[in-house]
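**Student:** In my numbering, the protein residues as written are 37 to 277.
Note that the Cβ used here is the ideal one computed from N, Cα and C, for glycine as well.
There's a structure below that I have some questions on.
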Amino acid sequence: MQLFVYHTPELTPAETLPDCAVVIDVLRATTTIATALNAGAESVQAFSDMTTLMEVSDAWLPENRLRAGERGGAKVEGCDLGNSPLDCTPELMGGKRLFISTTNGTRALQRVEESADVITAAIINRGSAVKYLLDKKPETVWLLGSGWEGGYSLEDTCCAGAIAHALTTGSDEITIGNDEVLASIALYSQWKDDLLKMFHSCSHGQRLLRLHCDEDLKYCAQIDSVNILPIQKEPGILVKY
Ligand code: MLT
């Protein structure tokens with residue numbers, strides 16, 4: 037398995053895709069996606085723009101769908117939900133399709149949606165992603181951070197490092213594909229004992245704190261707390277593996 041880390045979708049090489057893409061948006065899209073499926077959502081359908089989300093979800097009966105929209109950390113008007121994983125309760129999610137559009141996470145998914153295999157990872161389901169990769173042994177793997185509007189996000193690269201660290205510890209068949217893998221492992225080693233402190237230091241964590249999302253940060257920092265792996269079954273549509 038040859039492992040690559042990319043901090044943002046913009047930094048991925050053009051005109052190529054990996055055998056398996058692991059999309060990461062710790063704060064908070066991929067945490068929310070994992071939580072929704074864990075709570076019994078039938079599936080999650082991701083959109084980079086709100087207009088298409090509204091058009092496609094209109095074809096679904098209101099009792100079978102939920103619409104989640106986030107821009108700049110805040111809920112988009114007219115949606116049922118914003119992007120807080122804490123809203124993804126079994127009572128609300130059970131049997132429904134969650135239609136979701138977020139500032140960066142759903143755009144990152146779109147960049148790699150034509151890959152042979154696409155999964156999503158966050159701190160909360162890091163172990164499930166690692167297990168999948170060790171079992172399947174895809175030849176090339178991209179750990180893709182979503183970043184923030186084209187820029188680097190500390191928490192996404194740190195999560196990539198948490199995955200890379202576990203993979204390289206768990207197997208001697210991993211080849212390091214780029215220097216970003218080593219950098220991400222170093223970053224994870226620095227913060228692994230206090231991920232919440234890292235969330236309080238990084239720019240998007242601070243943005244969410246300004247929006248009073250303290251409890252979201254605590255939830256997103258709980259490493260390996262859920263045993264769920266979202267996997268793409270067709271472009272943009274994720275289900276429980
Ligand atoms: C994103 O896609 O940028 C986010 O998940 C932002 C957020 O809701 O915290």
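(1) Report the rounded CA-to-CA distance for LEU244 versus ALA219, giving the unit in angstroms.
(2) Going by beta carbon distance, what residues of the same chain come within less than 8 Å of ALA198, once the five residues before and after it are set aside?
(3) Applying the criterion that 16 or more other CB atoms from any shown protein chain within 10 Å of the CB defines a buried residue, is LEU203 buried or exposed?
(4) Beta carbon of ALA82, beta carbon of THR142: below 9 Å?
(5) Would you report the Cα separation of LEU53 and LEU180, rounded to the nearest angstrom?
(6) If you compare alpha carbons, which of GLU91, ILE60, VAL59, LYS269 is closest to ARG101?
(7) Please classify ARG246: is it buried, with 16 or more other beta-carbons within 10 angstroms of its beta-carbon, or exposed?
(8) Can you list, in chain order, the residues of its chain with a C-beta nearer than 7 Å to that of ALA257? Leave out the 5 residues immediately preceding and following it.
(9) Look at the alpha carbon of TRP96 and the alpha carbon of GLY241, and state the distance between them as a whole number of angstroms.
(10) Can you confirm whether the segment 183-195 touches the segment 51-68 when touching is taken to mean that 3 or more C-beta pairs between the two stretches lie within less than 8 Å?
(11) Pull the bridge partners of GLU270 from the DSSP assignment, please.
(12) Can you tell me whether ARG101 sits near ligand 1, meaning its C-beta is under 8 Å from at least one heavy atom of the ligand?
(13) Just to confirm the assignment, what range does the alpha helix (DSSP H) spanning CYS256 have?
**Tutor:** Working from what's here:
(1) If you number the sequence shown from 1, residue 244 lands on position 208. If you number the sequence shown from 1, residue 219 lands on position 183. So the two alpha carbons sit approximately 26 Å from each other.
(2) As a position in the sequence shown, residue 198 is number 162, starting the count at 1. ILE159, ARG162, TYR224, LYS228, ILE259.
(3) Working through the sequence shown from its first residue, we reach residue 203 at position 167. Flag for LEU203 reads buried.
(4) Taking the sequence shown and counting its residues from 1, one reaches residue 82 at position 46. Taking the sequence shown and counting its residues from 1, one reaches residue 142 at position 106. Contact: yes.
(5) For the purposes of this step, residue 53 is identified with residue 17 of the sequence shown, where counting begins at 1. For the purposes of this step, residue 180 is identified with residue 144 of the sequence shown, where counting begins at 1. Taking the straight line from one Cα to the other gives about 11 Å.
(6) Here residue 101 corresponds to residue number 65 of the sequence shown, with the count starting at 1. With distances taken between Cα atoms, ARG101 lies closest to GLU91.
(7) As a first step, residue 246 must be located in the sequence shown, where it is residue number 210. With fewer than 16 other beta carbons inside 10 angstroms of its own, ARG246 counts as exposed.
(8) Start at 1 with the first residue of the sequence shown, and residue 257 comes out as number 221. Same-chain partners within the cutoff: ILE159, LEU231, LEU232, PHE235.
(9) One-based indexing of the sequence shown puts residue 96 at position 60. One-based indexing of the sequence shown puts residue 241 at position 205. For TRP96 and GLY241, the distance between alpha carbons rounds to 34 Å.
(10) yes
(11) Along the sequence shown, one-based indexing puts residue 270 at 234. Paired residue(s): ILE273.
(12) Along the sequence shown, read from residue 1 onward, the residue named residue 101 stands at position 65. No, ligand 1 has no heavy atom inside 8 Å of this Cβ.
(13) Taking the sequence shown and counting its residues from 1, one reaches residue 256 at position 220. Per DSSP, CYS256 belongs to the alpha helix (DSSP H) from 250-256.
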